[in-house]
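Using this note's numbering, the letters of the sequence shown map in sequence onto residues -13 to 57. Down below is the structure, laid out as structure tokens.
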Amino acid sequence: MKKLFKWIGIVLVVLILIAVFGYEDTAEKNAVIERYNKQNASVQACVKTLGEGVYSNKSLSWKLDNCNASK
-13 MKKLFKWIGI VLVVLILIAV FGYEDTAEKN AVIERYNKQN ASVQACVKTL GEGVYSNKSL
47 SWKLDNCNAS K
């Protein structure tokens, strides 16, 4: 019976950790997308251009910074 409670406890801790880290990641992504949406057409075009080239694997935040987007 002790083993069962131990495993249930471990599973609960893992699920809580996944939920906490997943929420923080979503909040950060939403902030970056909102920042992108606030930019003018030229910055958005720059980000789109970077997204199609060699820098396609870089984050949206990195692309915005390199296109001189306002924060």
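All residues carry an ideal CB built from backbone N, CA and C; glycine is no exception.
DSSP state of residue i mapped onto helix, strand, coil
i, result
"tyrosine 22", "helix"
"glycine 37", "helix"
"cysteine 32", "helix"
"alanine 17", "helix"
"lysine 49", "helix"
Residues near residue i by beta carbon distance below 6 Å, same chain, minus five either side
i, result
"cysteine 53", "Val29, Cys32, Val33"
"threonine 12", "none"
Distance, residue j Cα to residue i Cα
i, j, result
"tryptophan 48", "lysine 24", "16 Å"
"asparagine 26", "valine -3", "46 Å"
"threonine 35", "isoleucine -6", "49 Å"
Best match in the options for proximity to residue i [C-alpha to C-alpha]
i, options, result
"glutamate 46", "Val6, Glu38, Val18, Gly39", "In the sequence under discussion, the amino acid at residue 46 is leucine, which differs from the glutamate named in the question. Checking every option, the nearest Cα to that of leucine 46 belongs to Val18."
Proximal residues to residue i (C-beta, below 8 Å), its chain only, five neighbours per side dropped
i, result
"lysine 57", "Arg21"
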